[in-house]
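Worksheet: the structure to be examined is printed underneath.
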Ligand code: PCA
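Residue numbers (the numbering used here): -7 to 315.
Put into structure tokens, the structure is as follows:
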């Protein structure tokens, strides 16, 4: 953090909060610079600069370049970075409630996903507060499906397949299908596929496109299992240290960016499939047999999550279903 125009403020004879002391904030993000989440991070930074009249100057560091994906949350919790972005359910091993957006076949349209977030938001925010974090905005990825290097019609075809997981729930999913999970960041996915560390994974068309996975894989099954969210979070102490005008200005930027990011995700979802196809991949619906197996595993994952997330998890599901 740096005091930029202190002299100017003193000359003016006034410290106008938010106008006279500028802070530089580094914002680590986990996904590639050209991904819509990262592009929206830049939009957010521009809005914050604008709405705080230059008071907060955010520099976006995409692709895990400042902190690797798996390190971002801790960096913000401990104040090494004031703000950053990460995949929310990656933190469900530490705080199971944060797996709320990872429940198979529960909320599979953008509209339903918004409804689920509305049901989860207060509980998630209070969980994040316990972790010394404040969420500013969240943004969904397109629906999750399976990538393979061969046609897959059922779990008969998935036995022993090496699977890249992105959180503990996806590792469980893979094990239920007889696969062998290994957790790999999106930023290292191309390398994992190239070296044979992984030969399949679950994700959106977006990450398959970003990582050019057609160089290694041939099939995508549009299972649309869930729409997981990234979130932009700020260190709670940093947030509480801002005056209310500053917080209001940043929250306005966050609300606008969250809505724009969600719309962008919806707009791009099919475009990504077209790009996978244009690059030679078969993009198909899962066979009824495979889908039935996935749904059975999904039901088990939901009951496992409820067991670990406790009454708060049940309250989220109840609120979602009653609305
Ligand atoms: N892409 C990210 C998370 C979900 C998604 O669609 C990834 O695969 O890491």
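Beta carbons: idealized from backbone N, C-alpha and C, even for Gly.
- Residue 31 and residue 292 have their C-alpha atoms some 36 Å from each other.
- Placement of the Cβ of residue 257 at a distance of 7 Å or more from every heavy atom of the ligand PCA is found.
- Of all alpha-carbon atoms in 82, 222 and 245, the one lying nearest the alpha-carbon of residue 44 is that of 245.
- If the five residues before and after residue 268 are omitted, its C-beta is found closer than 7 Å to the C-beta atoms of 197, 200, 201, 206, 212 and 275, all from its own chain and listed in chain order.
- Excluding the 5 residues flanking it on each side, residue 252 has same chain C-beta neighbours closer than 7 Å at 32 and 35, in chain order.
- Per DSSP, the unbroken beta strand (DSSP E) holding residue 224 starts and ends at 221 to 227.
- When secondary structure is reduced to three states using DSSP, residue 273 falls in the coil class, being assigned neither helix nor strand.
- Note that the stretch 153 to 164 touches the stretch 175 to 183; at least 3 beta-carbon pairs, one per stretch, sit closer than 8 Å.
- Secondary structure in the stretch 52 to 100: the beta strand (DSSP E) runs of 3 residues or longer, each lying completely within the stretch, are 75 to 79 in chain order.
- Beyond the five residues adjoining it in sequence on each side, residue 216 comes within less than 6 Å, by CB distance, of 100 and 135 in the same chain, given in chain order.
- Contact between residue 79 and residue 22 holds, with the beta-carbon distance rounding to 7 Å and staying under 8 Å.
- Taking C-beta atoms as the reference points, residue 115 and residue 304 count as a pair closer than 8 Å.
- The C-alpha of residue 311 is placed about 29 Å away from the C-alpha of residue 242.
- Shown here for residue 65: same chain residues with a beta carbon closer than 7 Å to its own, the five before and five after excluded, namely 78 and 83 in chain order.
- Ranked by Cα distance from residue 226, the options 73, 61 and 57 are led by 73.
- Residue 173: member of the beta strand (DSSP E) spanning 172 to 175, first to last residue.
- If you keep only unbroken beta strand (DSSP E) runs of at least 3 residues inside the stretch 95 to 151, you get 125 to 132 and 137 to 140.
- Around the Cβ of residue 214, a 10 Å sphere holds 16 or more other Cβ atoms; the residue is buried.
- DSSP places residue 17 within a strand segment (E or B) once states are collapsed to three.
- With a 10 Å radius around the Cβ and a threshold of 16 neighbouring Cβ atoms, residue 96 comes out buried.
- Scanning its chain for C-beta atoms nearer than 8 Å, with the 5 sequence neighbours on each side dropped, one finds around residue 85 the residues 159 and 160, in chain order.
- In this structure, the beta-carbon distance from residue 224 to residue 75 falls below 8 Å.
- Residue 219 and residue 133 do touch by the CB rule: their CB atoms are close to 6 Å apart, below 8 Å.
- Collapsing the DSSP output to three states places residue 313 in a helix.
- The DSSP assignment places 181 to 186 and 197 to 202 as complete runs of the alpha helix (DSSP H) inside the stretch 180 to 205, in order along the chain (cut-off: 4 residues).
- When the beta-carbon positions are compared, residue 61 and residue 184 stay at least 8 Å from each other.
- In this structure, the C-beta of residue 175 stays at least 7 Å away from each heavy atom of the ligand PCA.
- The residues 147, 150, 151, 152 and 153, in chain order, have a CB closer than 8 Å to that of residue 170 in the same chain once the five nearest residues on each side in sequence are set aside.
- If you look at residue 211, you'll find it in the beta strand (DSSP E) that goes 211 to 213.
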